[in-house]
């Protein structure tokens, strides 16, 4: 990968700008249409209000474990019950495992299927003004799609799909929350194992496994892609296009800042409706705000490369 003076950080707003129905809310509609059972499990164990899909990845950390355990407890028959039989020993764990698989593995599989069927437009078919992208720049792409390659002709050698590439059917598309749980967060923390019902203990382990299965391993991803980040030392201009600067992705920005000279690099950050939120999120990175500009993606003249 060549050294470049410019880095583009691409988020979902970039695809939305080009008319691609790639919002998490769009995924919610897709899931409800193709797999109503899994959608119902999501509704049962998450607070699916108006803001749920807009913060989908963060919401994955808010699995209502109490609701899942309460549901499965109807299958936790006492060993002394007149209707008890050995055949029912695993019913409680089975139900918890079914729920956890639905909202982790199956949900992730449906997400990947949805991403891979998204339509990618040609530049001539876009109703919005083309963006003046630098084909020699580096691109850190948080999207899974091929919009940069297919719509703008950017070489794949210039692009890092940090969370997976939809065009590669063997590539795992990474989706997840940023809550790294500790041992004290385990449902079995403090449980007296000598007195506990083994079915409850195993059920707790199943529920705990949900959080690791849906955790986004950001540190591992950064380490795996260290060559890309170490090649940022020549960067003098960073364009953030369509990325919300969400907390779950903050470690990537921290890694970028570690590998550039933050005292000289100029930033241009897009915002959707009002710059206030983008300014507030960007200020958390500790960069001199005089080095940052903010513009809507539609203001194409603001995005003309400076180097």
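Numbering (the numbering used here), first residue to last: 1461 to 1767.
For every residue, glycine included, the Cβ atom is placed at its ideal position computed from N, Cα and C.
With a threshold of 7 Å on Cβ separation, who are the neighbours of residue i within its own chain once the five nearest residues in sequence on each side are excluded?
i, result
"residue 1661", "1648, 1651 and 1653"
"residue 1773", "Since the first residue shown for the chain is 1461 and the last is 1767, residue 1773 is missing from the structure and cannot be characterised."
"residue 1495", "1570"
"residue 1743", "1749"
"residue 1690", "1719"
"residue 1739", "1754"
"residue 1532", "1552, 1555, 1556 and 1663"
"residue 1572", "1633"
"residue 1735", "1754"
"residue 1491", "1498, 1499 and 1570"
"residue 1574", "1487 and 1490"
"residue 1730", "1473, 1700, 1701, 1702, 1755, 1756 and 1757"
Which same chain residues, not among the five before or five after residue i, have their C-beta less than 8 Å away from its C-beta?
i, result
"residue 1728", "1697, 1698, 1699, 1700, 1752, 1753, 1754, 1755, 1762 and 1763"
"residue 1613", "1595"
"residue 1549", "1659"
"residue 1586", "1478, 1479 and 1611"
"residue 1760", "1589, 1590, 1591 and 1592"
"residue 1770", "Absent from the structure is residue 1770, since the part of the chain shown begins at 1461 and ends at 1767."
"residue 1679", "1711"
"residue 1616", "1609"
Per DSSP, what are the beta-bridge partners of residue i in this structure?
i, result
"residue 1599", "1468 and 1619"
"residue 1752", "1727"
"residue 1675", "1637"
Suppose the cutoff is 6 Å on Cβ atoms and the five residues either side in sequence are ignored; what does the same chain contact list for residue i look like?
i, result
"residue 1485", "1513"
"residue 1551", "1535"
"residue 1469", "1600, 1700 and 1703"
"residue 1461", "Confidence at residue 1461 is low in this model, with a pLDDT of 48, below 50, so the placement of that residue is unreliable and no value is reported for it."
"residue 1480", "1578"
"residue 1646", "1668"
"residue 1593", "1612"
"residue 1639", "1521"
Give the C-beta separation of residue i and residue j to the nearest angstrom, bearing in mind that I take them to be a contact with Cβ-Cβ under 8 Å.
i, j, result
"residue 1671", "residue 1641", "5 Å"
"residue 1682", "residue 1707", "Wrong, their Cβ atoms sit about 16 Å apart, outside the cutoff."
"residue 1588", "residue 1684", "Wrong, their Cβ atoms sit about 34 Å apart, outside the cutoff."
"residue 1602", "residue 1471", "5 Å"
"residue 1620", "residue 1688", "5 Å"
"residue 1605", "residue 1482", "7 Å"
"residue 1564", "residue 1673", "4 Å"
"residue 1717", "residue 1467", "With 8 Å as the limit, residue 1717 and residue 1467 do not qualify as a contact, their Cβ atoms being about 11 Å apart."
"residue 1473", "residue 1705", "Wrong, their Cβ atoms sit about 11 Å apart, outside the cutoff."
"residue 1505", "residue 1521", "Rounded, the Cβ-Cβ distance is 12 Å, inconsistent with contact."
"residue 1598", "residue 1568", "That pair is no contact at about 28 Å."
"residue 1713", "residue 1745", "6 Å"
- Item | 4-residue-minimum alpha helix (DSSP H) runs that sit fully inside the region 1464-1495, ordered along the chain | 1472-1477 and 1484-1494
- Specify whether the region 1501-1520 and the region 1614-1630 touch according to this definition: at least 3 beta carbon pairs, one from each stretch, less than 8 Å apart. no
- Message: Is it the case that the region 1512-1526 contacts the region 1630-1639, given that we only count it when at least three CB pairs across the two stretches are under 8 Å?
- Response: yes
- Item | Unbroken stretches of the beta strand (DSSP E), 3 residues or longer, contained in the region 1691-1728 | 1697-1701
- Task: Go through the region 1492-1571 residue by residue and report every complete run of the alpha helix (DSSP H) that reaches 4 residues or more, in order.
- Result: 1496-1505, 1516-1519, 1525-1532 and 1551-1561
- Any contact of the region 1571-1588 with the region 1599-1619, i.e. 3+ C-beta pairs under 8 Å? yes
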